[in-house]
Amino acid sequence: MNDQIARSEKQLGAILRRTRKQAGLTQGSLGAAIHLRQGTVSRLEAGEPAVQLHTLMAVLTALNLELVLRPRSKSSAADIETLF
């Protein structure tokens, strides 16, 4: 998997949704694997900002993803949006 950039909750949700689908998981099966309701996974994928950090970290772990922080590139969020 190539690096993917997310600068908003919606962009992060899209990455998580795409990765989940590539893994052949439903929202329900992903949630069950980490003791979350399907609705919680849905809200995270929709980019709702109220998701708790430990929930995000559990989903990243379940999808075999990691969070990498680095200085922001000069591209705008609108430029990155075209990737989705």
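Just so it is clear: in the sequence shown, position 20 is 21 by my numbering, and no numbers are missing.
C-beta atoms are modelled at their ideal positions from N, C-alpha and C, and glycine is treated no differently.
Going by the beta-carbon positions, is the gap between residue i and residue j smaller than 8 Å?
| i | j | result |
| --- | --- | --- |
| ALA24 | LEU64 | yes |
| GLN39 | GLN28 | yes |
| GLU87 | GLU46 | Given a span of 2 to 85 for the chain in the structure shown, any question on residue 87 remains unanswerable. |
| LEU31 | ARG21 | yes |
| ILE35 | ALA15 | no |
How many angstroms separate the CA atom of residue i from the CA atom of residue j?
| i | j | result |
| --- | --- | --- |
| HIS55 | LEU61 | 10 Å |
| LYS75 | VAL42 | 31 Å |
Going by C-alpha to C-alpha distance, which of the options sits closest to residue i?
| i | options | result |
| --- | --- | --- |
| ASN3 | SER43, ARG73 and LEU66 | LEU66 |
| LEU13 | LEU37, LEU57, LEU26 and ALA33 | LEU57 |
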